[in-house]
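Engineer: Here it is, the structure, as structure tokens.
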Amino acid sequence: MDEESIRLIRLALPSKGRLEGETLSFLDECNLKVKKPNPRQYSARIPAMPDIEVVFQRPRDIPRSLAAGDIDLGITGYDSLHDALAPNSDFEKVIIVHDALGFGECALAVAVPNEWHDVDDLDGLRKVAARHGSLRVATRHENATRRFFEENQLHNIQIISADGALEAAPAIGYADFIADITSTGTTLRENNLKPLIDGVILQSEAILVGNRNALATRPEVRDQTLFLLEFVEAHLNARNQYMLAVNMRGRSAEDIAEQLLGQTNLMGLQGPTIAPLITNTESQRWWALSLVVSSDQLYDAVQQLRKIGGSGVVVTPATYIFEEQPERAKQLLQAIEKGAAAI
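Counted the way our numbering counts, the sequence shown spans residues 24 to 366.
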């Protein structure tokens, strides 16, 4: 292993499926674009983070690589982390750095054939299993599914490990029903399956996870993780937020503020900024205002600014909104400190 590969921090990203595209798009929106010279390669770089080496893995393999210390950071689905590590002590080897990246939302859910007219919930499934002696469920998430049935006292369910199109399992005959990831339910409906009303095993979305030992013992991993976390949080804060810049006439900043206070949707994140505007005339004083509003307030805010004399409203989408140290950064540092004490 050369010195560069030792120095670089390894970040694993999903290598397939919807989660791969959504992860790359999300990082691009954060201005952390992933550069992959060859689409067939399983490594890449993030120019904005030159100390990071990006590797691509199946979402379900990322948690195990994190626990083993083969990678330092990873983005995967919570369902993959929960299924891979929750049954054993390996879960303690990782830290969830960010638990809600805002994409990859889905649910691991139990679905049965539509023709099971008397089965809409777990109680109905329990009765069918009792009549038949046992039932087979096809799933990729064996551990999470097994725990779910055990917790709900459905003991006569045989877990069938399967990949590929699980929705076909009941029709083909190698399983009676399935437990699979679903986001809209469309694929289930197209394959004549229905989710049970109380059959959600877990809710999932994309998460950022780190190796606990690497974060506790390697300052460069901690620093790069905090850098990544800051930009992710700032981008999520800025989603659906717009910066408004407008000029207004007024006798003083207090006069402008008084007019603004009489309007809703115009106080921004912590109130608008008001500054004198340099002009060629002294007969009227002009002031420059800037404020941030959410997308659902945007049109009303523009109309209200016009109503009180606002001119030339410029609207710019917000890319980042950096607050004081993010709460998740504080929690991460606390978790690292706790982990370092145990090492």
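Beta carbons: idealized from backbone N, C-alpha and C, even for Gly.
Keep in mind the model is a prediction, meaning the values are calculated, not measured.
Using a Cβ-Cβ cutoff of less than 7 Å, which residues in the same chain neighbour L42 once the five nearest sequence positions on both sides are dropped?
Structural biologist: P82, G100, G127, A229
Engineer: Give the single residue among Y197, A237, I204 whose Cα lies nearest to the Cα of G222.
Structural biologist: It is I204.
Engineer: Classify H155 as buried or exposed, calling it buried when 16 or more other Cβ atoms lie within 10 Å of its own Cβ.
Structural biologist: exposed
Engineer: Cα-Cα, which of Q357, L356, R163 is closest to D84?
Structural biologist: Among Q357, L356, R163, the Cα nearest to that of D84 belongs to R163.
Engineer: Take F49 and list the residues in its own chain whose beta-carbon comes closer than 6 Å to its own, dropping the five residues that flank it on each side.
Structural biologist: If you ignore the 5 residues before and after F49, its C-beta comes within less than 6 Å of the C-beta of F126, all in its own chain and listed in chain order.
Engineer: Just the C-alpha distance for A91 and N137, rounded to the nearest angstrom, thanks.
Structural biologist: 42 Å
Engineer: According to the neighbour-count rule (16 or more other Cβ atoms, all chains shown, within 10 Å of its Cβ), is E190 buried or exposed?
Structural biologist: Flag for E190 reads buried.
Engineer: Applying the 10 Å Cβ sphere with the 16-neighbour rule, what's the burial state of V160?
Structural biologist: buried
Engineer: Is the region 230–249 close to the region 307–325, with three or more CB pairs under 8 Å?
Structural biologist: No: fewer than three Cβ pairs fall under 8 Å.
Engineer: Who are the Cβ neighbours of A152 in its own chain at under 6 Å, not counting the five residues just before and after it?
Structural biologist: L158, N179
Engineer: Contact defined as beta carbons within less than 8 Å: I believe I94 pairs with T168. What is the distance between those atoms, to the nearest angstrom?
Structural biologist: Contact doesn't hold; Cβ gap of about 26 Å is too wide.
Engineer: How many angstroms separate the CA atom of L219 from the CA atom of D144?
Structural biologist: 5 Å
Engineer: Ignore the nearest five residues each way along the sequence and tell me which others in L124's own chain have a CB closer than 8 Å to its CB.
Structural biologist: F49, I98, E228, A229, I230, L231, V255, L259
Engineer: Is K58 helix, strand or coil when you go by DSSP?
Structural biologist: Residue state, collapsed to three classes: strand.
Engineer: Using the Cβ count rule (16 or more neighbours within 10 Å means buried), how would you classify I297?
Structural biologist: Classification for I297: buried.
Engineer: Below 8 Å on the Cβ atoms is my guess for A268 versus Y343; work out the distance and round it to an integer in Å.
Structural biologist: At roughly 17 Å, the Cβ-Cβ gap does not stay under 8 Å, so A268 and Y343 are not in contact.
Engineer: Would you tell me roughly how many angstroms separate the C-alpha atoms of R33 and S66, rounded to the nearest one?
Structural biologist: Near 10 Å, if we compare the C-alpha coordinates of S66 and R33.
Engineer: From the DSSP output, read off the bridge partner residues of S227.
Structural biologist: According to DSSP, which records beta bridges pairwise, S227 is partnered with C129.
Engineer: Verify whether the separation of the beta carbon atoms of A202 and N166 is less than 8 Å.
Structural biologist: no
Engineer: Just reading off the beta strand (DSSP E) that N270 is part of, what are its end residues?
Structural biologist: 264–272
Engineer: Mind checking whether Q357 and Q327 have CB atoms under 8 Å apart?
Structural biologist: no
Engineer: Quick one: is V338 buried, meaning 16 or more other Cβ sit within 10 Å of its Cβ, or exposed?
Structural biologist: exposed
Engineer: Starting from R68, follow the beta strand (DSSP E) in both directions and report where the run begins and ends.
Structural biologist: 66–69
Engineer: Could you pull the start and end residues of the beta strand (DSSP E) that L312 belongs to?
Structural biologist: 309–317
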